[in-house]
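Here the working numbering is used: the first residue of the sequence shown is 10, the next is one more, and so on. Ideal placement from N, C-alpha and C gives every residue a C-beta, glycine not left out. Note that the structure is predicted; figures quoted are calculated from it, not measured.
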Amino acid sequence: MTFSSDTTPYKPLSVEALAQRLAEADEAVQLIDVREPQEVETANLPGFVNLPLSEFADWSDTIHSRFEADRETIVLCHHGMRSAQMCGWLAQQGFTQLKNVTGGIDAYALTVDRSVPRY
């Protein structure tokens, strides 16, 4: 998975803002976690669909049948790098309301919810 762009095709989302969005329980928002399954087993947030980047070939062809390109889509990983990659790729697929969680689940565990395990 690669993408290149002169402009960032997504907006950063702070972990505090993520916590607020999750508390709203907005069914319209799409939540994607691109970490590996063992990472998700260690620490996870409810509502996120796991699409590991290492399994890109297995799920990439189904992205439009699983998610809607015009809905708000929040992408999460461990620190924010893999989710940024995913946001770039999703933008190339026509997704328009992308948000990358700044600092990933690690920042969420440090700042928002210390009960979420760090690894």
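- The three-state reading of DSSP puts residue 27 in helix, counting H, G and I together.
- Boundaries for residue 102: no beta strand (DSSP E) harbours it, and the DSSP string shows neither H nor E there.
- If the five residues before and after residue 38 are omitted, its C-beta is found closer than 8 Å to the C-beta atoms of 30, 80, 81, 82, 83, all from its own chain and listed in chain order.
- Closest by C-alpha distance to residue 90, out of 110, 72, 101, 76, is 110.
- DSSP places residue 126 in no alpha helix (DSSP H); its state is neither H nor E.
- Relative to the Cα of residue 23, the nearest Cα in the group 60, 113, 128 belongs to 113.
- In terms of Cβ geometry, residue 117 and residue 27 form a close pair [threshold 9 Å].
- Residue state for residue 79 is assigned as coil, using DSSP reduced to three classes.
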